[in-house]
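Numbering-wise, the working numbering comes out as the position in the sequence shown, counting from 1, plus 19.
Virtual Cβ for every residue (Gly too), placed ideally from N, Cα, C.
Beneath this line is the structure, given in structure tokens, with notes to follow.
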Amino acid sequence: MKVLVVGSGGREHALCWKISQSRKVKKIFCAPGNAGTAKIAENISISPNDINGLKKFASKEKIDLTVVGPEIPLTLGIVDEFEHMGLKIFGPYKIAAEIEESKIFAKQFMERHKIPTARYKIAHSAEEARKIIERGVFPYPVVIKADGLAAGKGVMICRNKVKAEEAIKTIMVDKKFGKSGKRVLIEEFLRGKEASFIVISDGVKIAPFVTTMDHKAVFDGGRGPNTGGMGAISPSPFIDRDLFNEIVKNIMFPTITRLLEEGRKYKGVLYAGLMLTEQGPKVLEFNCRFGDPETQPQILRMQSDIIDVFLSVVEGNVLEKEIKWSNEAAGCVVLASGGYPTKYEKGKLIEGLKEAEESKDCTVFHAGTKLENGKYVTDGGRVLNVCGTGKTLKEAMEKIYMTSAKIYFEAIHYRRDIGTVKEEK
Ligand code: AMP
Ligand code: GLY
20 MKVLVVGSGG REHALCWKIS QSRKVKKIFC APGNAGTAKI AENISISPND INGLKKFASK
80 EKIDLTVVGP EIPLTLGIVD EFEHMGLKIF GPYKIAAEIE ESKIFAKQFM ERHKIPTARY
140 KIAHSAEEAR KIIERGVFPY PVVIKADGLA AGKGVMICRN KVKAEEAIKT IMVDKKFGKS
200 GKRVLIEEFL RGKEASFIVI SDGVKIAPFV TTMDHKAVFD GGRGPNTGGM GAISPSPFID
260 RDLFNEIVKN IMFPTITRLL EEGRKYKGVL YAGLMLTEQG PKVLEFNCRF GDPETQPQIL
320 RMQSDIIDVF LSVVEGNVLE KEIKWSNEAA GCVVLASGGY PTKYEKGKLI EGLKEAEESK
380 DCTVFHAGTK LENGKYVTDG GRVLNVCGTG KTLKEAMEKI YMTSAKIYFE AIHYRRDIGT
440 VKEEK
């Protein structure tokens, strides 16, 4: 088979790595990929948002299966377009991807179907938002969210009125997230441990992946602004068998079923960002794609051929072949550029990478990297993902941190507490 992977992050490197282990696969392309995917796939310089360009490429190359990493091509309708041309593709249709594209759609959907989530109000203008805050509908801290895609950065947790006012201004007046600032969601703040719960579905049946937990805040102890994710572990230490079953029964399954009933058949990956509260699990958000970095530890634990997993979705027979997972624990630490998630410099020489990659204990996935004159340099905020497994989470994390210590680039920073999750909210 010829497979095309769309995207350029650590998630896509991990997907290419796992796809390359399938005996069914002869050739992998990655659009546009990074310096890591270049080692196992042919990188092609087409943007993930250039649906026409990707479609032409896939037709010309007779690609047997396309796997989409990021959300934007999905919300632009890449799956609809590819299927129209008779091309096999893994991901949800445009109308189903709205569950991530519009936080307001997702909230109203959950409300209609009694899927547990935080209480909320919608504001259509800055003035309306200020009034909701002033009326004290929700106690502080209050959560203010832009209604659209903002690369995980359009959510602000506001401790007081001044902070809430600042958030409203940033989103709705200064329009920092563009048209995502037309409407905002104002939400009650939920307390608990977070979990990223991921399932695949063919629109009717679902198969859950092993549990994971992301570490969103930039600094140790859950401090500092939120990022796309600074590290992830699998399994989540906070989800036991009963809670797992409850999440599938009360959240994931009803979501897939109700979407189908509403004419939004959902096939692909459904990712629920959950808060495990004292009143039970509640949905913070849905994503229409794999998590990054959650995919990395999940992939390390997957024993099945990932092509079979993708095809079960595309061909509508999820559950017919059980997905097999290892019982080991896995982790991932994100090595980031100084200044991420705000301003950071690129083009810093990466040292010690070869030594880290040769370590038998860990697998290093590339995210924002580039090969320049035969040398690896930084090319993004999240640069490398050091991942590994162990009999226990502690063992996995020890190996990961030993390997991470071999890598250096100017202003490198990473969290030292991934997997010691007690500090998280
Ligand atoms: P979202 O993109 O909606 O998942 O929000 C990003 C992050 O903001 C989440 O992972 C949480 O850490 C935090 N967050 C979002 N909504 C809430 C909420 N209602 N209560 C507490 N934290 C939240
Ligand atoms: N790590 C968070 C996400 O993929 O949305």
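- Task: Report the three-state DSSP secondary structure of SER253 (helix, strand or coil).
- Result: The residue given as residue 253 occupies position 234 in the sequence shown. Residue state, collapsed to three classes: strand.
- Message: Going by DSSP in three states, ILE134 sits in which element: helix, strand or coil?
- Response: Taking the sequence shown and counting its residues from 1, the one referred to as residue 134 is at position 115. If DSSP states are grouped into helix, strand and coil, ILE134 belongs with coil.
- Proximity below 9 Å, CB of ALA355 to CB of SER423: Counted from its first residue, the sequence shown places residue 355 at position 336. Counted from its first residue, the sequence shown places residue 423 at position 404. Cβ distance not < 9 Å, so ALA355 and SER423 don't count as in contact.
- CB of ILE187 within 9 Å of CB of ARG149, strictly: Here the question's residue 187 lines up with position 168 in the sequence shown. Here the question's residue 149 lines up with position 130 in the sequence shown. Yes, the Cβ-Cβ distance between ILE187 and ARG149 is below 9 Å.
- Heavy atom of the ligand AMP within 8 Å of VAL162 beta-carbon: In the sequence shown, the residue the question calls residue 162 occupies position 143. VAL162 Cβ: within cutoff of the ligand AMP.
- Message: Please tell me whether VAL472 and PHE309 are closer than 9 Å, where the distance is taken between their beta carbons.
- Response: What the structure shows of the chain is the stretch from 20 to 444, and residue 472 is not part of that stretch, so it cannot be assessed.
- Buried/exposed call for SER78, threshold 16 Cβ in 10 Å: Along the sequence shown, read from residue 1 onward, the residue named residue 78 stands at position 59. Exposed, since its Cβ has fewer than 16 Cβ neighbours within 10 Å.
- Task: With DSSP as the reference, label TYR433 as helix, strand or coil.
- Result: Looking up residue 433 in the sequence shown gives position 414. Coil at TYR433, not helix or strand.
- Cα-Cα separation between MET271 and PHE216, rounded to whole angstroms: For the purposes of this step, residue 271 is taken as the residue at position 252 of the sequence shown. For the purposes of this step, residue 216 is taken as the residue at position 197 of the sequence shown. If you take the alpha carbons of MET271 and PHE216, they lie about 9 Å apart.
- With 16 other Cβ atoms within 10 Å as the buried cut-off, status of PRO111: Within the sequence shown, numbered from 1, the residue matching residue 111 stands at position 92. Looking at its Cβ environment, which holds 16 or more other Cβ atoms inside 10 Å, PRO111 is buried.
- Task: Pull up the CB-CB distance for MET232 and ALA214, whole angstroms please, since I reckon it's below 8 Å.
- Result: What you label residue 232 is simply residue 213 of the sequence shown in a count that begins at 1. What you label residue 214 is simply residue 195 of the sequence shown in a count that begins at 1. Yes, they are in contact, since the Cβ atoms of MET232 and ALA214 sit about 6 Å apart, within 8 Å.
- Have a look at VAL383, MET104, ARG277, VAL223 and flag the residue whose alpha-carbon is nearest the alpha-carbon of PHE128. By 1-based counting over the sequence shown, the position of residue 128 is 109. Ranking VAL383, MET104, ARG277, VAL223 by Cα distance to PHE128 puts ARG277 first.
- Message: With a threshold of 8 Å (Cβ to nearest heavy atom), would GLU207 be considered close to the ligand NAP?
- Response: What this structure holds is the ligand AMP and the ligand GLY, not the ligand NAP.
- Element boundaries [beta strand (DSSP E), containing VAL181]: Against the sequence shown, residue 181 aligns to sequence position 162. Premise fails: VAL181 lies in the alpha helix (DSSP H), 180 to 187, not in any beta strand (DSSP E).
- Message: Mapping the DSSP letters down to three states, classify PHE223 as helix, strand or coil.
- Response: Along the sequence shown, read from residue 1 onward, the residue named residue 223 stands at position 204. Residue identity check: residue 223 is Val in the sequence provided, not Phe. Coil, per DSSP.
- Item | Helix, strand or coil at LYS21 [DSSP, three-state] | Counting from one through the sequence shown, the residue named residue 21 turns up at place 2. Residue state, collapsed to three classes: strand.
- For ALA251 and ALA348, believed in contact at Cβ under 8 Å, the rounded distance: Indexing the sequence shown from 1 puts residue 348 at position 329. Indexing the sequence shown from 1 puts residue 251 at position 232. With 8 Å as the limit, ALA348 and ALA251 do not qualify as a contact, their Cβ atoms being about 12 Å apart.
- Less than 8 Å between the CB of ASN245 and some heavy atom of the ligand AMP, yes or no? Here residue 245 refers to the residue found at position 226 when the sequence shown is read from its first residue. Checking every heavy atom of the ligand AMP against the Cβ of ASN245, one is found closer than 8 Å.
- Endpoints, the beta strand (DSSP E) within which LEU204 is located: Position 185 of the sequence shown, counted from the start, is the residue given in the question as residue 204. Unbroken beta strand (DSSP E) run through LEU204: 203 to 207.
- Item | Burial state of ASP327, where buried means 16 or more other Cβ atoms lie within 10 Å | The residue you call residue 327 lines up with position 308 of the sequence shown. Classification of ASP327: exposed, given that the 10 Å Cβ count is below 16.
- Query: Considering only the beta carbon of each residue, do LEU67 and ALA50 sit closer than 9 Å?
  - Reply: Looking up residue 67 in the sequence shown gives position 48. Looking up residue 50 in the sequence shown gives position 31. A small fix is needed here, since residue 67 is Pro in this sequence, not Leu. Their beta carbons are under 9 Å apart, which means PRO67 touches ALA50 by this criterion.
- Task: For ALA251, verify whether its CB is less than 8 Å away from any heavy atom of the ligand GLY.
- Result: In the sequence shown, counting from the first residue as 1, residue 251 sits at position 232. Checking the Cβ of ALA251 against the ligand GLY gives yes.
- ARG435 Cβ short of 8 Å to the ligand AMP heavy atom set: Indexing the sequence shown from 1 puts residue 435 at position 416. Answer for ARG435: no, Cβ out of range of the ligand AMP.
- So what's GLY29 in DSSP terms, helix, strand or just coil? In the sequence shown, residue 29 corresponds to position 10, counting from 1. GLY29: helix per DSSP, three-state reduction.
- Task: Find out if the Cβ-Cβ distance for the pair LYS46, VAL22 is shorter than 9 Å.
- Result: Position 27 of the sequence shown, counted from the first residue, corresponds to residue 46. Position 3 of the sequence shown, counted from the first residue, corresponds to residue 22. Yes; because the gap between Cβ atoms is below 9 Å, this pair is in contact.
- Query: Given a threshold of 16 other Cβ atoms within 10 Å of its Cβ, counted over all protein chains shown, does HIS32 qualify as buried or as exposed?
  - Reply: In the sequence shown, residue 32 corresponds to position 13, counting from 1. Buried: at least 16 other Cβ atoms inside 10 Å.
- Mapping DSSP to helix, strand and coil, what is ASP327? Taking the sequence shown and counting its residues from 1, the one referred to as residue 327 is at position 308. If DSSP states are grouped into helix, strand and coil, ASP327 belongs with the helices.
- Just confirm the distance between the C-beta atoms of PHE196 and GLY167, as a whole number of angstroms; I'd bet it's less than 8 Å. The count along the sequence shown starts at 1 and reaches residue 196 at position 177. The count along the sequence shown starts at 1 and reaches residue 167 at position 148. Rounded, the Cβ-Cβ distance is 7 Å, consistent with contact.
- Query: Between which two residues does the beta strand (DSSP E) containing GLU486 stretch?
  - Reply: The displayed coordinates of the chain run from 20 to 444. Any statement about residue 486 would go beyond what the structure contains.
- Query: MET20 to ASP324, Cα distance in whole Å?
  - Reply: Along the sequence shown, one-based indexing puts residue 20 at 1. Along the sequence shown, one-based indexing puts residue 324 at 305. Each residue's alpha carbon lies about 13 Å from the other.
- Where the beta strand (DSSP E) through THR422 begins and ends: To locate residue 422, count along the sequence shown from 1; it is residue 403. No beta strand (DSSP E) contains THR422, which is instead part of the alpha helix (DSSP H) from 412 to 423.
- Query: Hey, how far is the Cα of ARG435 from the Cα of LEU106?
  - Reply: On the sequence shown, residue 435 is found 416 positions in, with the first residue counted as 1. On the sequence shown, residue 106 is found 87 positions in, with the first residue counted as 1. Cα to Cα, the separation comes out at about 44 Å.
- Please work out which residues of its chain come closer than 8 Å, Cβ to Cβ, to LEU262, disregarding the five sequence neighbours upstream and downstream, and give them in chain order. Taking the sequence shown and counting its residues from 1, one reaches residue 262 at position 243. Here the set comprises LEU295, PRO300.
- Item | DSSP-derived helix/strand/coil call for PRO316 | Here residue 316 refers to the residue found at position 297 of the sequence shown. Here PRO316 sits in helix by DSSP.
- Item | Residues sharing a beta bridge with ASP233, DSSP | Position 214 of the sequence shown holds residue 233. Partner(s): ALA251.
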